[in-house]
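First comes the structure, then the notes that go with it.
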Amino acid sequence: MRVPFSVGLVLLSALSCVRAVREERREQAIDTGQTVAFSAETSRRWDFGDGSPPREGQVVEHAFAKAGRYVVRAFEKDRVTDRVSVLVQPRDVFRAVAPGAEAVLAFRTLDEVAPAIDFVERLGSAALAQQLIDRSPVLHFILEPGAAGAAALDRAEGAGAYLPAGAAALVTFVGVSDDDAALRTFREFLVEHGWRPDGPAGFVTAELHAQVLVDRGTLYFVTSSTAEHTAVAVKAVKDAPTRGLETEAAMASALAQLASGGVAVVARRELTARTSGAVKGGAWSVALGALRLGRDEGRLVGHLIADRPLWKTPPASRAARLLSHAPDGLIAALSMDVPLAEVLDAFGLSRAQDADDDELRAGLSVLSRRLDLTLSFDVEAFLSATILGGGRPAPRVTLLGETLVPDRVAVRAVLDRVLARRRAPYDQATEKGVTVWRTLLEQQALELALDPDTLYVRWGRPLAGTEPVDLVAQLTRKADGACGPGHVTAFLDVGQLGRDLLEPRMVPGVDPRKVITTQALTSTFLTQLTALDQVFLDLAPTPTGATVFLEVKLSKRDRRE
Numbered sequence: 173m174r175v176p177f178s179v180g181l182v183l184l185s186a187l188s189c190v191r192a193v194r195e196e197r198r199e200q201a202i203d204t205g206q207t208v209a210f211s212a213e214t215s216r217r218w219d220f221g222d223g224s225p226p227r228e229g230q231v232v233e234h235a236f237a238k239a240g241r242y243v244v245r246a247f248e249k250d251r252v253t254d255r256v257s258v259l260v261q262p263r264d265v266f267r268a269v270a271p272g273a274e275a276v277l278a279f280r281t282l283d284e285v286a287p288a289i290d291f292v293e294r295l296g297s298a299a300l301a302q303q304l305i306d307r308s309p310v311l312h313f314i315l316e317p318g319a320a321g322a323a324a325l326d327r328a329e330g331a332g333a334y335l336p337a338g339a340a341a342l343v344t345f346v347g348v349s350d351d352d353a354a355l356r357t358f359r360e361f362l363v364e365h366g367w368r369p370d371g372p373a374g375f376v377t378a379e380l381h382a383q384v385l386v387d388r389g390t391l392y393f394v395t396s397s398t399a400e401h402t403a404v405a406v407k408a409v410k411d412a413p414t415r416g417l418e419t420e421a422a423m424a425s426a427l428a429q430l431a432s433g434g435v436a437v438v439a440r441r442e443l444t445a446r447t448s449g450a451v452k453g454g455a456w457s458v459a460l461g462a463l464r465l466g467r468d469e470g471r472l473v474g475h476l477i478a479d480r481p482l483w484k485t486p487p488a489s490r491a492a493r494l495l496s497h498a499p500d501g502l503i504a505a506l507s508m509d510v511p512l513a514e515v516l517d518a519f520g521l522s523r524a525q526d527a528d529d530d531e532l533r534a535g536l537s538v539l540s541r542r543l544d545l546t547l548s549f550d551v552e553a554f555l556s557a558t559i560l561g562g563g564r565p566a567p568r569v570t571l572l573g574e575t576l577v578p579d580r581v582a583v584r585a586v587l588d589r590v591l592a593r594r595r596a597p598y599d600q601a602t603e604k605g606v607t608v609w610r611t612l613l614e615q616q617a618l619e620l621a622l623d624p625d626t627l628y629v630r631w632g633r634p635l636a637g638t639e640p641v642d643l644v645a646q647l648t649r650k651a652d653g654a655c656g657p658g659h660v661t662a663f664l665d666v667g668q669l670g671r672d673l674l675e676p677r678m679v680p681g682v683d684p685r686k687v688i689t690t691q692a693l694t695s696t697f698l699t700q701l702t703a704l705d706q707v708f709l710d711l712a713p714t715p716t717g718a719t720v721f722l723e724v725k726l727s728k729r730d731r732r733e
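Here it is, written out as structure tokens:
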């Protein structure tokens, strides 16, 4: 069948008026809550594909509340003229933090909040956990949001708290998927928990001034003791760039070193110097770490950022002999294959260069090479001293120490001077090249022995009936290189103390019934004080500061809890 020429012209003309749909696929992900622009040749009706109402205009802006891949379509009447594919990712918690923040606690997802609070409580800091919740209603809201509040929260975006620059305030925040619902339900939550409304966005208590706002898909609650500081912090939130803390190049580089997930912590040197009583700020600029929490343990992997190694790694070192043959059942150990003065300087804690204290400088010079210490709890001596002393707790320990000395003559002079200044009786003897000092310290025997290259220390009774264990091998399984050159390694075993206290024993000269009673009371007190079982810490220098590995274990609890 032949189509008349005139009809063909009409069809061809009509087809030429139908333009192909302009397709665009944007692979650069944008954050939830981040405003993004769309444009067309002329005014269009835009459907953003997320259930929000359409908008009219040649250029429109839109922010997506939830992560995902969206197809945005532009319509001319009923015909699609443009189709744009947009990738939306959850907003990273650090992008919700204003630049300049002095300290940050960030929960990468909301599922991290409850385990973190529980972990702090079990460590024996229930009061601290409650204080955090009381001062930060956002955390309380996350834990008990109610049905409407839970629907408004975005669990993938996480939450956090930070101390802003330039204001004595606390900013807490949480990612939300419905701005209006989140704002409404959180306001209701605040009123239910004793906060009084104060203006369109303000709330007050007897001690705090607060403001609540939603900005770029994040609910913020800003508190301070003064309305002025609250206002300053709120303005910083509103004025913050889209990338937040990552706007700072140095901070972005530091944050890139963090492991993903878990709970993240960040602190600047200036803040820790003010709060720790450090003489100086220390050599590092930023401390940060990522904390992973399990049912009964937490592990933090972090970094101390600096423009150089925080301390030097000795060119030649001796193995940690004391820890390689450590007494079984010890409760604490320390290994430092680095001059103590350098470690103190790295954290701004050394006064040797600022104070006119020859003795302190001399003491630090003694500890200028490898230092190893072990600490054991002397349960028998503790029970005897406590019971015979009328029930007043009298802890008794045995401390063993070993350190390389750079100059035996100088070290001997320092020890003679220190012991003389104590004005306590002491004995000194030298035999076969070894000088020994004996005295009392806090009612326990103290013995120092100095040979040509090593100073040995024993404080407390000699350990008897214990088999040596290779603690170095155990600790290197936790962190590679622990107790090695340049490392500062510490270990605490509270669980061992608890087991020692429960072990049945006879104490010479003491009523067995009182021994059992004292053991039970002490063990119960320790259990109620904390669920802490073990702590392991290892620091090691890097070209840009130092690495930090921290492992905290809690006592195992019943699976039904």
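Quick note on the working numbering: the sequence shown kicks off at 173 and runs consecutively.
Each residue gets a CB set at the ideal place from its N, CA and C atoms; glycine is no exception.
C-beta contact flag for residue i and residue j at 8 Å
i    : j    : result
L463 : V435 : yes
T611 : R584 : no
G371 : A382 : no
W456 : L476 : yes
S308 : A333 : yes
A705 : F549 : Ala is not the amino acid found at residue 705; the sequence shown has Asp there. No, the pair does not count as a contact, with Cβ atoms beyond the cut-off.
D285 : L311 : Asp is not the amino acid found at residue 285; the sequence shown has Val there. Closer than 8 Å, so yes.
A301 : V292 : yes
L571 : V629 : yes
T390 : R198 : no
T402 : P657 : no
V244 : F220 : yes
P361 : G321 : Note on residue identity: the sequence assigns Phe, not Pro, to residue 361. For F361 and G321, yes; Cβs fall inside 8 Å.
R677 : E552 : yes
R493 : L576 : no
V208 : H234 : yes
Minimum C-alpha distance to residue i - residue among the options
i    : options                : result
V641 : L502, L430, F519, G563 : L502
L701 : R294, R610, A491       : R294
D283 : Q303, E316, R267       : E316
A654 : A601, L495, L669, V343 : L495
A246 : S257, K238, A239       : S257
P413 : A557, H365, A268       : A268
V510 : R541, G667, V193       : R541
W218 : K249, E199, R198, R595 : K249
G272 : G670, E420, V569, K650 : E420
V260 : D254, V276, D222, A270 : D222
Q206 : G229, A340, A237       : A237
G240 : R251, G229, L460, D203 : D203
P487 : T648, Q646, H659       : H659
Which of helix, strand or coil DSSP assigns to residue i
i    : result
V451 : At V451 the pLDDT is 43, less than 50, meaning the model places this residue with poor confidence; the figure from the coordinates comes in the next sentence. Coil, per DSSP.
K238 : coil
P713 : strand
A491 : coil
E379 : coil
I503 : coil
V551 : helix
Q206 : coil
A527 : With a pLDDT of 44 at A527, under the threshold of 50, the predicted position of this residue should be treated as unreliable, though the coordinate-derived value follows. Correct three-state label for A527: coil.
G474 : strand
A301 : helix
P485 : What sits at residue 485 in the sequence shown is Thr, not Pro. Of the three classes helix, strand and coil, the one that applies to T485 here is coil, per DSSP.
V581 : helix
T694 : helix
A439 : strand
G461 : strand
V386 : strand
Residue i Cβ short of 7 Å to the ligand ATP heavy atom set
i    : result
Q200 : The ligand ATP is absent from the structure shown, which contains no ligands of any kind.
With 16 other Cβ atoms within 10 Å as the buried cut-off, status of residue i
i    : result
A527 : Reliability fails at A527, whose pLDDT of 44 lies under 50, so the model's placement of it is uncertain and no value is given.
D544 : buried
Q615 : exposed
I314 : buried
F519 : buried
S691 : The question names Ser, yet the displayed sequence has Gln at residue 691. By the neighbour-count rule (16 or more Cβ atoms within 10 Å), Q691 is buried.
G470 : buried
T689 : exposed
D164 : The structure shown has nothing for residue 164, since the chain only spans 173 to 733.
T214 : exposed
E365 : The question names Glu, but residue 365 is His in the sequence shown. When all chains shown are included, H365 counts as exposed.
S188 : In this prediction, S188 scores a pLDDT of 44, lower than 50, which makes its location untrustworthy; no coordinate-derived value is stated.
>> Please give the ranges of any alpha helix (DSSP H) in the stretch 396-433, keeping only runs that are unbroken, at least 4 residues long and fully inside the region.
In response: Runs of the alpha helix (DSSP H) lying entirely within the stretch 396-433 and spanning at least 4 residues, in chain order: 399-411, 421-427.
>> Suppose only complete runs of 3+ residues qualify. What are the beta strand (DSSP E) ranges in the stretch 314-365, listed by chain order?
In response: Correct list: 331-335, 341-347.
> Curious, which full-length alpha helix (DSSP H) runs of at least 4 residues does the stretch 584-653 contain?
Replying inline: Fully enclosed alpha helix (DSSP H) runs of 4 or longer: 643-648.
> Which residue spans inside the stretch 256-313 form an unbroken alpha helix (DSSP H) run of at least 4?
Replying inline: The qualifying runs are 285-294, 298-307.
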